[in-house]
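S.K.:
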Amino acid sequence: MHFLERIKRYDDSLNAFITTTDAQALAQADAADARIASGTATRLTGIPIAHKDIFCTNDVKTSCGSRMLDNFVSPYDATVVSKLADAGVILLGKTNMDEFAMGSSNETSFYGAVQNPWKPGFVPGGSSGGSAAAVAARLCAAATGTDTGGSIRQPAALTGITGIKPTYGRVSRYGMIAFASSLDQAGPLTQTAEDSAMLLEVMCGFDERDSTSLNEPAPVLVESLQKPIRGMTIGVPDNFFDDGLDADNAAAVRTALAEFEKLGAKLKPITLRHIELSVPAYYVVAPAEASSNLSRFDGIRFGYRTEAPTDDLREFYMRNRGEGFGAEVKRRILTGTYVLSAGYFDAYYLQAQKARRLISDDFLEAFEDVDLIAGPTTPTPAFEIGQKTDDPVQMYLNDIYTIGANLAGLPAMSIPCGFVNELPVGLQLIGPHRKEDRLLQAAHQYQQATDWHLKLPPAFI
Ligand code: GLN
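Heads up, the sequence shown is in the numbering used here, so the first residue is 20 and it goes up one at a time.
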C-alpha cells in the first residue's frame, strides 16, 4: 500500500511507470503474508518491485516503450519475472524505458520522457530510466533493468542508485524482448549493493530456454558481501579519464578510489588500448543484431496494425512498421541493415567484430594483474531533457565507459559516489567473467564506509 500510494502521489510528475498492477500487487501481498506466516518465506518474499517494460509479464501489457507493442499483453512470463515471483516479490508495475531499449535518456519512449527525481527537467538516463527513477524516488524497493551498452549502469549513475549488469549468460534472456542478443543482459537496480546481491542471486541461473545461458549454478552473492577488500588490486584505466570526462565528475570518482585505498585496496594504473573503438564497434554490432531481431514486428501476428486501408501486402508491412516504430528505432534498423548488406559486410560488421575481440583481449590481459577495474560510469552527470536529442552521436557518447563491458561480456556495476551541481554521479566497477561476487563485495564494503547510497532526492522524502 505504501508504495502504491507513493506511485499515485508522485508518478504523474515522474512518468516512471507505463503500467501499474495494483490488484495483482495486493493479491501478491496477501500471498506473501500467508507465506511469511507459514514460515516458508525467502529473503525477497513481500518485497515490492517493478519490472522494466521489456520483460514479458503474463496477462500484463508489455510495451517495450513502443507504439508497436502498445496493445500487446504477454501470454507468458519471462524467466526473470517467474524466478522473482517464485521468491515471493510483489509486482507494482512496469517501468518506462527508451523504445526497445535504444537510448541513453529515456526520451525515445513512446510514453514520453521520464524526469530525474533529483532535478525536474533533467533526464534519468536510459534505457532503464523508469526503473532508475522509480528506485531513486522510492516508488518501489527495487526494479529490474537490462543493459546492452550501459542501460543499467548509466541510469543508476544519473539517479544516484546501485545497478549491476552480470556476466553475459548469467541471467536468462527468455521472455526479455531482444535488442542485441549477444550483448543484452538483465540485472537489478537498487538502493544498495546488498539489495542488488539479493535480487541478482535469484535472477541468475541456467535456463534451457535460452541457448546462451551459462550452464552452471547461480553464484553465491549475499554471503560474500562481508569479506574485507584488503589486498585487492584495482586497475584504473588512464584512458577512462580522458578529455570527454567532466572535471567535477572525475574528482568525485578519484575521491571514491581513494576511499578504496583506505579500505586496503591497491590502485594500479592500466591502459585499455583499444577502448576508443568500443562506441564505433557497438554502433555496428548492436544495430546489426537489432535489425534482425526487430524484423519480427510486422503487425501481422501481434503488435501495431495500421488503420489505413490497403490491399498491397508490402505497403501493409511498411505502414505497420513505419507508424509503429519511432525515429531512433528506425535509425538503428537502417544502420543495421546497411552494415549487414552484402557489399558492406566486410567493411563494417566484420571490422566491428575484430574490434570487439581486441577490446575483450585488453580486458582479459588487464585481469591477469588486477582483481577489478574502476572508473567513471558516465562522462557527465544528468543533462537536460531535449539537450542531446538532435545529435545522436553526442547521445551515443554517454556510453563511452560502459559499452566495453558489454562487448567483452563482463560483469559491471555502478554505485553512487558523489554529486556535481546537486546531481548524482556514479563509480563504475568492472570484474572478470563470473566474478559478480567480487564486484558486489567491493561495492558493499565501499557503501559500509560511505553514505552516498543513502541520499534521497529532497522532493521525494
Ligand atoms: N544507450 C545505448 C544504446 O542506445 C545502450 C542501450 C542499452 O544498454 N539498452 O544503444
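All C-beta atoms, glycine included, are put in the ideal place defined by N, C-alpha and C.
At 3 residues or longer, what runs of the beta strand (DSSP E) sit wholly inside the segment 170–239?
M.R.: Complete beta strand (DSSP E) runs here, min 3: 181–184, 204–209.
S.K.: Near A175, which residues of its chain fall below 7 Å by C-beta distance, leaving aside the five closest residues on each side in sequence?
M.R.: A151, T181, G182, L208, S433, G445, listed in sequence order.
S.K.: Rounded to whole angstroms, what's the CA-CA distance from A42 to A161? Just pull it up for me.
M.R.: Rounded to whole angstroms, A42 to A161 spans 19 Å at the Cα level.
S.K.: So, under 8 Å CB-CB, T178 and P136 are touching, yes? Tell me the CB distance rounded to an integer number of Å.
M.R.: The Cβ separation is near 6 Å, so the contact holds.
S.K.: Whether or not the segment 85–98 and the segment 144–158 are in contact is what I'm after, with contact meaning three or more pairs of Cβ atoms, one per stretch, closer than 8 Å; do they touch?
M.R.: No: the two stretches stay apart, fewer than three of their Cβ pairs being nearer than 8 Å.
S.K.: At a cut-off of 7 Å, would you count D31 as near the ligand GLN, judging by its Cβ distance to the nearest heavy atom?
M.R.: No, Cβ of D31 sits at least 7 Å from all heavy atoms of the ligand GLN.
S.K.: Can you list, in chain order, the residues of its chain whose CB lies under 8 Å from that of L416, leaving out five sequence neighbours each side?
M.R.: Closer than 8 Å at Cβ, skipping near neighbours: G263, V298, P398.
S.K.: Since G362 is in the alpha helix (DSSP H), which residue starts that stretch and which ends it?
M.R.: Counting along the chain, G362 falls outside any alpha helix (DSSP H), and DSSP gives it neither H nor E.
S.K.: Would DSSP call G437 helix, strand or coil?
M.R.: Three-state result, G437: strand.
S.K.: To the nearest angstrom, report how far apart I480 and A104 are at their CA atoms.
M.R.: Going from the Cα of I480 to the Cα of A104 covers about 28 Å.
S.K.: Would you mind reading off the limits of the beta strand (DSSP E) that contains V444?
M.R.: Start and end: 442–449.
S.K.: Have a look at V221, M251, F364, E227 and flag the residue whose alpha-carbon is nearest the alpha-carbon of L240.
M.R.: For L240, the nearest C-alpha among the options comes from V221.
S.K.: Using a Cβ-Cβ cut-off of 7 Å (strictly less than) and excluding sequence neighbours within five positions of H463, which residues of its own chain qualify?
M.R.: Excluding residues within five positions, the ones whose Cβ falls inside 7 Å are A212, E213, L244.
S.K.: Judging by CA-CA distance, which residue of E235, Q210, A427, D380 is the nearest neighbour of S191?
M.R.: Looking at the Cα atoms, E235 is the closest of the given residues.
S.K.: Going by the CB atoms, is the gap between R351 and A309 shorter than 8 Å?
M.R.: Yes, the Cβ-Cβ distance between A309 and R351 is below 8 Å.
S.K.: What distance in whole Å lies between the Cβ atoms of G343 and R86, which are believed to be in contact at a cut-off of 8 Å?
M.R.: Rounded, the Cβ-Cβ distance is 5 Å, consistent with contact.
S.K.: Mind checking whether T17 and G148 have CB atoms under 8 Å apart?
M.R.: Any question about residue 17 goes unanswered here, given that the chain covers just 20 to 480.
S.K.: CB-CB under 7 Å to D456, same chain, minus the five flanking residues each way: which ones, in chain order?
M.R.: Excluding positions up to five away in sequence, the list reads P238, V239, L240, S243.
S.K.: Please report the residue range of the alpha helix (DSSP H) in which K27 lies.
M.R.: Run containing K27: 21–33, per the alpha helix (DSSP H) assignment.
S.K.: Could you tell me which of E295, P185, Y357, S232 sits nearest to A216, measuring between CA atoms?
M.R.: Taking only the C-alpha atoms, the option nearest A216 is P185.
S.K.: Flag this pair as touching only if the segment 435–455 and the segment 360–374 have three or more C-beta atom pairs under 8 Å; answer yes or no.
M.R.: Result no; under three Cβ-Cβ pairs closer than 8 Å.
S.K.: Less than 7 Å between the CB of T165 and some heavy atom of the ligand GLN, yes or no?
M.R.: Checking every heavy atom of the ligand GLN against the Cβ of T165, one is found closer than 7 Å.
S.K.: Give the straight-line distance between the Cα atoms of K287 and V389, rounded to the nearest whole angstrom.
M.R.: The straight-line gap from Cα to Cα measures roughly 8 Å.
S.K.: Can we count S146 as close to the ligand GLN, meaning its CB is less than 7 Å from some heavy atom?
M.R.: Checking every heavy atom of the ligand GLN against the Cβ of S146, one is found closer than 7 Å.
S.K.: For K454 versus S124, is the C-beta spacing smaller than 8 Å?
M.R.: No, Cβ-Cβ distance for K454 and S124 is not below 8 Å.
S.K.: Consider the C-beta atom of M121 and the heavy atoms of the ligand FMN; say whether any pair is separated by less than 7 Å.
M.R.: This structure does not include the ligand FMN; its bound ligands are the ligand GLN.
S.K.: So the alpha helix (DSSP H) G341 belongs to, where does it begin and stop?
M.R.: Its alpha helix (DSSP H) spans residues 332–343.
S.K.: Here's a check: name, in chain order, each residue in its chain whose Cβ is nearer than 6 Å to the Cβ of I289, leaving out the five neighbours to either side.
M.R.: So the qualifying residues of the chain are G254, P256, A385.
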